[in-house]
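Notes follow once the structure below has been shown.
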């Protein structure tokens, strides 16, 4: 029997209808995207996906295979395993990735037999694949499987050592190296890397050519424990700054000889390398010597300087006089009222310094708290709340809990719950009436254990108000409210909660069903009525090939432009949603509220926080490498994206296949590197291919 014939027997033609080799009818692509978007749960819902598997166009087959894998349903394993024998290499590779995605979603309670139906076909086909590109992708899939025994890991390791033979071409070797790095990173506790694996990673770390392979080798070695002085020395001399950064990270795991490695990194011309070196110094050498940290306070890179200021909030030798260094920076807050947020003399340094000073010399920080709490920049007031919590000062927190900005209120209430506990319940209850999702979530959490009789009515009012918005993205605060009602309420309010059994959010409906069942002793069943999603038009699906986004930063945030190449073939639903929002001007005037150097910058929230975004959840379109410059979607669990962006500032391998990659920064990455917390987007424009 041929590979093709075997595949079609496994597919089950009776269930899908039609014959192999047909061309998909008009609208089939939209139907596939719509089926995936609604997370098709039955064979009837999945019919467009099954039909697309039989299309003559390999791109349609790959689209359907990928969609089926993203459903993460083990029932689909036989269909996808059959495609490992497809005559087209790219289809075989996509089937391997789909099976690995289903495996990643398996419950820990899944039986060994279910796990074996994924593991065994993948390993067999990966071992005999002759197409180099497909072999590389299958090797990557092998590397990220959730193995259960050391024997399984050793078997996978043997396959990956073959696939990462340095003689292989760059493309397939890169995919295979991703698989080996993932295996080492994810399975180091179950089966520590052996000598052969460490040797191979060393070869990859020193391979000439594409720096991404050297990065993967160094990342793997840092986990595998195979870092040698020669590897670190070669990495520090590399032309690629990410390789140098990873050499610092890898060298910091070696133990001996760390100080000269970090000193060399601290003088690197690229901020990401200096940042990594300073972070490692703080982690390992700060208790004995703070001088490099004190020098870095004056670093030309704001992000490096801010890290140094943050580190001074941890113990230093007495002679360092860290408080004396922090004080003039704290005092500078008086000179930054409404100042340029990205200038050298910006609010960031003073705000960070205030928190650090509050940690090491709270008596000196206390007089500044009131002045910082009335600053014109709301982020400074938010940091003042954090400093007040560290200094255990309740009065500034009480004032800030009624600030005009809800992010400041949230920071104050988070602090009050630690400093004053339930003595501040009236402020938590008042915050439940505010519109901000993050604030309501924090207030509901702070009321845990409250005895205030006003708490339950306020919680019910907040639940009613947020539910009336009919926004997917209100889930987190509403779940916190339901949890608090279960604790503080009783069966008397069960009739008030029963309408939420038919809530538009299945998780809210299920949580309410559990509460009412617990109160009444009756088995109550949820009947959710999910919100509908806008359909995909042909223009949506086909009109974004080659499109870009042009992002212009506000002049007060340093200005500059950067462009993003959209990836509609990899994340079509996400790209369509973002394009619609850009056309509507949604992102204009929004900020980057989260900046984590050497990780990500994140923005696109109308409330400038993690919990407010576009009203309808985006489905995850996981896949792709989270390399430096790629664009992802922030989530708080599976399929909870709210159109907030993040940009990967470095290669973030651990995010691969966990978050959507929908674009790549094509130009202006230096502008992205310079983004600071609170920086504002002036406008985003959609540029279509002419």
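In my numbering, the protein residues as written are 16 to 705. Where a beta carbon is used, it is the ideal one built from N, C-alpha and C, also for glycine.
Among 697, 123, 638, nearest to residue 671 - alpha-carbon criterion
Nearest neighbour of residue 671 by Cα position, chosen from 697, 123, 638, turns out to be 638.
Taking residue 420 as the reference, give the member of 403, 388, 433, 439 with the closest Cα.
Checked all of 403, 388, 433, 439; the closest Cα to residue 420 is 388.
With H, G and I counted as helix, E and B as strand and the rest as coil, what does DSSP make of residue 620?
Looking at residue 620 - three-state DSSP - the assignment turns out to be strand.
Could you say which of 335, 289, 330, 336 lies nearest to residue 321 if we only look at CA atoms?
Residue 321 has its Cα closest to that of 289, out of 335, 289, 330, 336.
Pick helix, strand or coil for residue 614, following the three-state DSSP scheme.
Per DSSP, reduced to three states, the secondary structure at residue 614 is coil, with no helix or strand assignment.
Can you tell which of 78, 280, 524, 53 has the C-alpha that lies nearest to the C-alpha of residue 1?
The chain is shown from 16 up to 705; residue 1 falls before or after that span and cannot be answered.
Measure from the alpha carbon of residue 501 to the alpha carbon of each residue in 530, 382, 347, then state which is nearest.
Distance from the Cα of residue 501 is smallest, within the candidate group 530, 382, 347, for 530.
Please report the straight-line C-alpha distance between residue 141 and residue 605, rounded to a whole angstrom.
Take the alpha-carbon of residue 141 and the one of residue 605: they are about 46 Å apart.
Close-in-space but distant-in-sequence residues of the same chain around residue 472 (CB under 8 Å, 5 per side omitted)
The beta carbon of residue 472 is closer than 8 Å to none in its chain, skipping five residues each way along the sequence.
Cβ distance (whole Å) where residue 488 is taken to contact residue 630 below 8 Å:
The Cβ separation is near 6 Å, so the contact holds.
Distance cutoff 8 Å, beta carbons only. Does residue 464 sit that close to anything in chain B?
Of the protein chains in this structure there is only one, and it is not chain B.
Do you know how far the Cα of residue 247 is from the Cα of residue 183?
Going by C-alpha positions, residue 183 is about 24 Å away from residue 247.
For residue 683, I'd like the list of residues in its chain whose CB is within less than 7 Å of its CB, leaving aside the five on either flank, ordered along the chain.
Once the five neighbours on either side are set aside, the close Cβ partners of residue 683 are 575, 576, 577, 578.
Kindly indicate which three-state DSSP category residue 303 falls into: helix, strand or coil?
Secondary structure at residue 303: coil, using DSSP grouped into helix, strand and coil.
Looking at the unbroken beta strand (DSSP E) that takes in residue 438, where does it start and where does it end?
Residue 438 -> no beta strand (DSSP E), and no H or E assigned at all.
Residue 681 - containing alpha helix (DSSP H), residue span
DSSP places residue 681 outside any alpha helix (DSSP H); the residue lies instead in the beta strand (DSSP E), whose first and last residues are 676 to 682.
Could you pull out every residue in the same chain whose Cβ sits closer than 7 Å to the Cβ of residue 458, ignoring the five residues on either side in sequence?
Excluding sequence neighbours, residue 458 sits near 428, 443, 446, 447.
Buried or exposed for residue 510, going by 16 or more other Cβ atoms inside 10 Å?
Residue 510 comes out exposed.
Quick one: give me the first and last residue of the beta strand (DSSP E) that residue 537 is part of.
Where residue 537 is concerned, there is no enclosing beta strand (DSSP E), given that its DSSP letter is neither H nor E.
Would you list the residues sitting across from residue 660 in a DSSP beta bridge?
618, 648, per the DSSP bridge assignment.
Keeping to the same chain, check which residues put their C-beta closer than 7 Å to that of residue 701; ignore five residues upstream and five downstream.
The residues are 562, 564, 594, 597, 598.
In the DSSP assignment, find the unbroken alpha helix (DSSP H) run with residue 109 in it and report its ends.
Residues 104 to 119.
If I'm right that residue 132 touches residue 96 with Cβ under 8 Å, what's the distance once you round it to whole angstroms?
With 8 Å as the limit, residue 132 and residue 96 qualify as a contact, their Cβ atoms being about 7 Å apart.
Does residue 214 pass the burial test, meaning 16 or more other C-beta atoms within 10 Å, or should it be called exposed?
With fewer than 16 other Cβ atoms within 10 Å, it is exposed.
Using the rule of at least 16 other Cβ atoms within 10 Å of the residue's Cβ for burial, across every protein chain shown, is residue 90 buried or exposed?
Flag for residue 90 reads exposed.
Nearest by alpha-carbon distance to residue 465: which of 273, 663, 499, 486 is it?
Distance from the Cα of residue 465 is smallest, within the candidate group 273, 663, 499, 486, for 499.
Could you say if the region 678 to 694 and the region 188 to 204 meet the contact criterion of at least three C-beta pairs nearer than 8 Å?
No: the two stretches stay apart, fewer than three of their Cβ pairs being nearer than 8 Å.
Helix, strand or coil: how does DSSP classify residue 309 here?
For residue 309, the three-state secondary structure derived from DSSP is helix.
Among the residues of its own chain, which have a CB less than 8 Å from the CB of residue 407, if the five just before and after it don't count?
Hits under 8 Å: 377, 434.
In angstroms with no decimal places, state the Cα-to-Cα distance between residue 644 and residue 663.
Cα-Cα distance, rounded: 5 Å.
If contact is defined by three or more beta carbon pairs under 8 Å, each pair taking one atom from either stretch, is the region 188 to 195 in contact with the region 212 to 231?
Using a C-beta cut-off of 8 Å, the region 212 to 231 makes contact with the region 188 to 195, since at least three inter-stretch Cβ pairs fall below that distance.
Let me make sure I understand the geometry here. Which of 65, 450, 169, 242 has the alpha-carbon closest to that of residue 217?
A check of alpha carbon separations from residue 217 across 65, 450, 169, 242 identifies 242 as the nearest.
Under 8 Å by Cβ, that's how I've got residue 208 and residue 199 pegged, so tell me the actual separation to the nearest angstrom.
Right, the Cβ-Cβ distance comes to about 5 Å (below 8 Å), so this counts as a contact.
Cβ pair residue 235, residue 271 closer than 8 Å:
For residue 235 and residue 271, no; Cβs fall outside 8 Å.
Residue 417 to residue 572, Cα distance in whole Å?
Cα to Cα, the separation comes out at about 28 Å.
Do you know whose CA, among 181, 520, 689, 524, lies nearest residue 654's CA?
For the residues 181, 520, 689, 524, the minimum Cα distance to residue 654 belongs to 520.
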